[in-house]
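Participant: Here it is: the structure, laid out below.
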Amino acid sequence: ELRSLCLKIIAHVLDKYEDCDLGSEFWDLFFSAVNPLIKNFKQEGSSSEKPSSLFSCFLSMSKSRNLVTFLCREESLLF
12 ELRSLCLKII
22 AHVLDKYEDC
32 DLGSEFWDLF
42 FSAVNPLIKN
52 FKQEGSSSEK
62 PSSLFSCFLS
72 MSKSRNLVTF
82 LCREESLLF
């Protein structure tokens, strides 16, 4: 699916270019686009054999101090 491929590309770019700064406007748009996926994130993670592309993207984001702040603003990801 196209959305999954896009998330994998974002994760790959973040892994390859650690200091990549896409800007807060990009991340605002990103989180509004993946909001429906975030709502099902916990349930999907427990039922899946391999990590989802969204999880891979969040994992890549967590490696950057600058991007962790964007993850922290999503309460459903923390609790």
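Each number in this note's numbering corresponds to the 1-based position in the sequence shown with 11 added.
Just so you know, even glycine gets a beta-carbon here, dropped at the ideal spot from N, CA and C.
As the structure is a prediction and not an experimental result, all values here were calculated from the model.
Check for me: the alpha helix (DSSP H) holding residue 36 runs from which residue to which?
Facilitator: Counting along the chain, the alpha helix (DSSP H) containing residue 36 begins and ends at 35-50.
Participant: Tell whether a beta-carbon distance below 8 Å holds between residue 75 and residue 29.
Facilitator: Yes, they are a contact pair.
Participant: For residue 77, I'd like the list of residues in its chain whose CB is within less than 8 Å of its CB, leaving aside the five on either flank, ordered along the chain.
Facilitator: Only 32 meet the Cβ criterion.
Participant: Which of the three DSSP states is assigned to residue 17 in this structure?
Facilitator: Looking at residue 17 - three-state DSSP - the assignment turns out to be helix.
Participant: Using three-state DSSP, classify residue 84 as helix, strand or coil.
Facilitator: Here residue 84 sits in coil by DSSP.
Participant: Please state if the CB of residue 26 and the CB of residue 73 are separated by a distance shorter than 8 Å.
Facilitator: No.
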